[in-house]
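Remarks on the structure that follows.
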Amino acid sequence: MSAGSINLTRGQPGIMRILNLILAFYCLTIVQGIQAQTYGCTDPTASNYNSSATVNNGSCTYASASADPVSGVPLPETLIETSGLIHWNNGIWTHNDSDDKNIYSLDTVSGAILRSVELTGTVNTDWEEISEDRDFIYIGDFGNNYSGNRTDLKILKVSKSSVLSGLPAVETINFSYPDQANYNPAAPNSTDFDCEAMIVSKDSIYLFTKQWVSGGTALYSLAKTPGTHVAKRKSVYNVRGLITGAVYLEPERLIALCGYNKILEPFIFLLYDFKGTDFFGGNKRKISVALPYHQVEAITTADGLKFYITNENFTQPDFLTVLQQLHILNLTPFLENYYSMISAVPGTGVKSGIFVFPVPTKDFITIKSKNSFLPVEFRLSNMSGQVVINGRLTEERQSVSLTGLPYGLYFFTLKGTRVESVKIVKQ
Numbered sequence: 139m140s141a142g143s144i145n146l147t148r149g150q151p152g153i154m155r156i157l158n159l160i161l162a163f164y165c166l167t168i169v170q171g172i173q174a175q176t177y178g179c180t181d182p183t184a185s186n187y188n189s190s191a192t193v194n195n196g197s198c199t200y201a202s203a204s205a206d207p208v209s210g211v212p213l214p215e216t217l218i219e220t221s222g223l224i225h226w227n228n229g230i231w232t233h234n235d236s237d238d239k240n241i242y243s244l245d246t247v248s249g250a251i252l253r254s255v256e257l258t259g260t261v262n263t264d265w266e267e268i269s270e271d272r273d274f275i276y277i278g279d280f281g282n283n284y285s286g287n288r289t290d291l292k293i294l295k296v297s298k299s300s301v302l303s304g305l306p307a308v309e310t311i312n313f314s315y316p317d318q319a320n321y322n323p324a325a326p327n328s329t330d331f332d333c334e335a336m337i338v339s340k341d342s343i344y345l346f347t348k349q350w351v352s353g354g355t356a357l358y359s360l361a362k363t364p365g366t367h368v369a370k371r372k373s374v375y376n377v378r379g380l381i382t383g384a385v386y387l388e389p390e391r392l393i394a395l396c397g398y399n400k401i402l403e404p405f406i407f408l409l410y411d412f413k414g415t416d417f418f419g420g421n422k423r424k425i426s427v428a429l430p431y432h433q434v435e436a437i438t439t440a441d442g443l444k445f446y447i448t449n450e451n452f453t454q455p456d457f458l459t460v461l462q463q464l465h466i467l468n469l470t471p472f473l474e475n476y477y478s479m480i481s482a483v484p485g486t487g488v489k490s491g492i493f494v495f496p497v498p499t500k501d502f503i504t505i506k507s508k509n510s511f512l513p514v515e516f517r518l519s520n521m522s523g524q525v526v527i528n529g530r531l532t533e534e535r536q537s538v539s540l541t542g543l544p545y546g547l548y549f550f551t552l553k554g555t556r557v558e559s560v561k562i563v564k565q
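Okay, structure coming up:
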């Protein structure tokens, strides 16, 4: 036997017994781990909540629910066909769905136009949605309900800094649907290849189609890079209505879709607590909106609780006229419990009677605190210990704007209390 070699022949039975024991222990551990995971509905607000469930399998069902707008204001006649919304730069931005090449910044209270920016060199064939990421605005020129055979579907990608400068720089993302083979003209409002809702993640664009025939929505993805792409079909879901707008809170794993049925009864369709981009794999809750005959076309939010929606002008001669309006919906009753669940992880928000959400965030945080703390001063400090915001809490629920602060880690502290600092991540 050469130096350095080992002969296992004599001890092989003992070694094999040890290896078998290790293998058996390993398999038992895996089985126990699997058994420890109970799949079911993990949302306590659902009708079929399973208190023993540890993994959400998307099976939650909910009782019928309705939301009444907190407020509503008319929009200027310039915005008779408002069709998309984002919350950006201390305001909400919208656009019309045909001909008009401008995007408009609106006052969130009065609905008045604060600013308009023309996207020169573009054509508004049928702008149906606006979305955003950190650096760009995306405008979906993909409305396709008239004959269902457009071959020029596109998304305009506009630099935010160029919009603020008044000289917008526009790039174009062209795309087609992989499963549309028939481009013969169809009757109006009879195609499943119409689209009015779009969200943008860190790495992709997602489209929620408006399926006129089936009353569902198909989810497609495509790259955020300019050029010509074939979208990828991801999934389909029967929402029992026509989807017209979307907003995405990526860190919170929440999507709010808006739409209406064929007799113009609007609704919000919430998707939340999903894994990755399996948007229909988590909780799905439909909430009717008490605005009969309102053609709701767009939705956005600043804090994940108060949502802005707009409706187009709708006129039925000799029967009804509904003016274009901006409405505010408070969805706290439907989302508060979910935010509490995802923020109950150490380091994300709940600290001795104070709840700060959403974390991570973009532009706003909302602070929910015990009434016994109020009134109380607070401060927000950066990682260097420099106080960047001083303020005073006077209500149990109060929002604080982080607009203008650089991206990074901050610490929220109540002065004169024993509550430890809460970490805030601005993305």
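In the working numbering, the protein residues as written are 139 to 565. Note that the Cβ used here is the ideal one computed from N, Cα and C, for glycine as well.
### Query
DSSP on E266, reduced to helix/strand/coil?
strand
### Task
Could you pull the start and end residues of the beta strand (DSSP E) that T355 belongs to?
T355 to A361
### Message
Let me make sure I understand the geometry here. Which of Y315, V514 and L547 has the alpha-carbon closest to that of K292?
### Response
Y315
### Message
Counting C-beta neighbours from all protein chains within 10 Å, is the total for K400 16 or more, i.e. buried, or is it exposed?
### Response
exposed
### Task
Would you kindly work out how many angstroms separate the C-alpha atoms of A356 and G546, rounded to a whole number?
36 Å
### Query
If you count every other CB in all the chains shown that lies within 10 Å of the CB of L408, and 16 or more means buried, which is it?
buried
### Message
Can you find the residues in the same chain that come closer than 7 Å, C-beta to C-beta, to T260, ignoring five residues on each side of it along the sequence?
### Response
K239, L294 and V308
### Task
Tell me A335's beta-bridge partners as DSSP assigns them.
F346
### Query
Are there three or more Cβ pairs, one per stretch, closer than 8 Å when the segment 385-405 is compared with the segment 442-449?
yes
### Message
Using a 10 Å radius around the Cβ and a threshold of 16 neighbouring Cβ atoms, would you call L305 buried or exposed?
### Response
exposed
### Message
For the beta strand (DSSP E) containing F495, name the first residue and the last one.
### Response
I492 to F495
### Three-state class that DSSP yields for P323 in the structure shown
coil
### Task
Helix, strand or coil for S510, going by three-state DSSP, please let me know.
helix
### Given V497 as reference, the closest of N451, N475, Q565 and F457 once Cα atoms are compared
Q565
### Task
Kindly list the residues whose CB is nearer than 7 Å to the CB of N195, restricted to its own chain and excluding five residues on each side of it in sequence; keep chain order.
Y177 and G178
### Message
Less than 8 Å between the beta carbons of S359 and F418, yes or no?
### Response
no
#### Entry: For P513 and F452, the rounded distance between their alpha carbons
46 Å
### Task
Work out the CA separation of I268 and I527 for me, nearest whole Å.
31 Å
### Query
Are the CB atoms of S264 and S236 nearer to each other than 8 Å?
The question names Ser, but residue 264 is Asp in the sequence shown. Against a cut-off of 8 Å, the Cβ pair of S236 and D264 comes out as a contact.
### Query
Is the beta carbon of E435 sitting closer than 8 Å to the one on S221?
yes
### Query
Taking the beta strand (DSSP E) that L464 falls in, what are its first and last residues?
Q463 to N468
### Query
Nearest CA to the CA of N475: which residue from S510, T459 and N421?
N421
### Message
What does DSSP give as the partner residue(s) for R378 in the beta ladder?
### Response
According to DSSP, R378 bridges with nothing at all.
### Query
Is the beta carbon of L429 less than 8 Å from the beta carbon of P214?
no
#### Entry: Whole-angstrom distance between G523 and I381, CA atom to CA atom
46 Å
### Message
In the DSSP assignment, the alpha helix (DSSP H) including K413 goes from what residue to what residue?
### Response
Premise fails: K413 is in no alpha helix (DSSP H) and is neither H nor E.
### Query
Anyone know if the C-beta pair for I447 and L467 falls short of 8 Å?
yes
### Message
Which residue wins for smallest C-alpha separation from N322, given the options R288, C198 and A361?
### Response
R288
### Nearest residue (CA-CA) to N262, options G281, P212, L531 and R272
G281
### Message
Quick check on R148: does DSSP put it in helix, strand or coil?
### Response
The pLDDT assigned to R148 is 48, lower than 50, so where the model puts this residue is not dependable; a value taken from the coordinates is nonetheless given after this. DSSP places R148 in coil when its eight states are reduced to three.
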